Every structure is written in C-alpha cells, then in structure tokens.
Amino acid sequence: MQTLNYLQGYPSHLIDQVNNMIEKNSLKKYLLKKYPHGHDIQSEKALYQYVMDIKNEYLRQSPPISKVAYDSKIHVVNHALGMHTFISRQHGNKLQARKEIRVATVFKHAPLPLLKMIAVHELAHIREKEHNKAFYQLCCHMEPEYHQLEFDMRLLLTQIELDGPIYTDN
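Printed below as a string of structure tokens:
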C-alpha cells in the first residue's frame, strides 16, 4: 500500500477504497466516468471572466480582483492549488491594494467543476483569510458540492501523480 500524498487526513476507510481502486486500475475510469471532459477555459482572459462571474454572483460587495491567471510556478506538491495575493502599492500619497488569484496550470485541462472548486476556494480568501469554519461555510455557499469536489480533485491529483495527465487539450 502506497502513501497517498493528497489524501492524508482522510478516514482510513476512504484511503482503503482509493488504494483498492488503484490496485484494480479503476481510479482513472472512475474519474473519466464522473468527469468525462476537461473545460475549455484556456486563456487568462477567459479565466478572469469565469472567476469574476462567480465573484459577482456571491461576493458582489467584496473588493475588486486585479488579475486572475494560470501559474506554472505553483507546485501542487507544496499543497498549493491556487494562490491569492494582496499587493499594496503606493501611488503618490495613497496606498492601493491589488488582489490577484493564481491557479495552478495543472487545472488548465481539468474538469470545469474542479476548476470552479479552486476558484471558489481562492475567492473565499477575499473574506476569510484562514481555513476556519466561516471559510468553509462560504465555500459551500458558493459551491454546495465543495467538499466532494475537493475530494475528487485530490483523487485527480493522485491519478496524475501515478500515470500523468488525464485531460489534455480540448
């Protein structure tokens, strides 16, 4: 039985089920059945619009986001799937805050529900900096299936670690 880096902290019965799927080479089949296609949001402009649509629906009163981009420098091995940054710049005697969201490039070809989960997670950090109860409540408000999607995203990362990418250019 191997160490499943992305599933640490989950109950042992789930780990056993995933290990069983890996042994039977059925994890990839499971993921492709549940999520048959990757999304078509390939440009940073399209990604920005997608994230802004979610923000405008659920976080209309939150500060604006300056940039949303895919970032090849984010390594999921370091437990980062996306990043939110708050940059303060001085313009004259005023201080301007810029908020940016970066999504790991591995999600450029992932299924749309998993991209949405990453977007929702990073947007929730606009209101809640820490991963606390209020943070996860906000995530579930924006995406009711948030916890299942997070688990499925971890399954996808496990499969990618084992055999490489599942979804490629559409």
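All residue numbers for the sequence shown refer to UniProt numbering, where the first residue is 1 and numbers rise by one.
Even for Gly, the Cβ is constructed at its ideal location relative to N, Cα and C.
On a predicted model such as this, the values are computed, not experimentally measured, just so you know.
For Y70, the uninterrupted beta strand (DSSP E) run begins and ends at 67-71, by DSSP. About 14 Å separates the beta carbon of L123 from that of L149, a gap too long to meet the 8 Å contact definition. Within the same chain, A134, F135, L138 come within 7 Å of E128 by CB-CB distance, once the 5 residues on both sides are set aside. Contact check for Y70 against V103 passes: the beta carbons are separated by less than 7 Å. Note on geometry: alpha-carbon atoms of H13 and N93 lie some 58 Å from one another. Under the Cβ criterion (8 Å, minimum of three pairs), the region 23-38 counts as touching the region 149-165. DSSP places R154 in the helix class (H, G or I) of the three-state scheme. Taken atom to atom, the span from the alpha-carbon of N5 to that of H131 is near 20 Å.
By alpha-carbon distance to Y10, the top candidate from D152, Y167, T168 is D152. When only Cα atoms are considered, Y35 and P111 end up about 6 Å apart. Looking at C140, H125, H109, the one whose alpha-carbon comes closest to that of L32 is H109. For M117, the closest alpha carbon among the candidates A46, P144, K99, P63 is that of P144.
For A119, the number of other beta carbons within 10 angstroms of its own is at least 16, and it is reported as buried. In summary, G38 is buried, with 16 or more beta-carbon neighbours lying within 10 Å of its beta-carbon over all protein chains present. Counting along the chain, the unbroken alpha helix (DSSP H) around S12 starts and ends at 12-23. For the pair T168 and A46, the Cα-to-Cα distance works out to about 18 Å.
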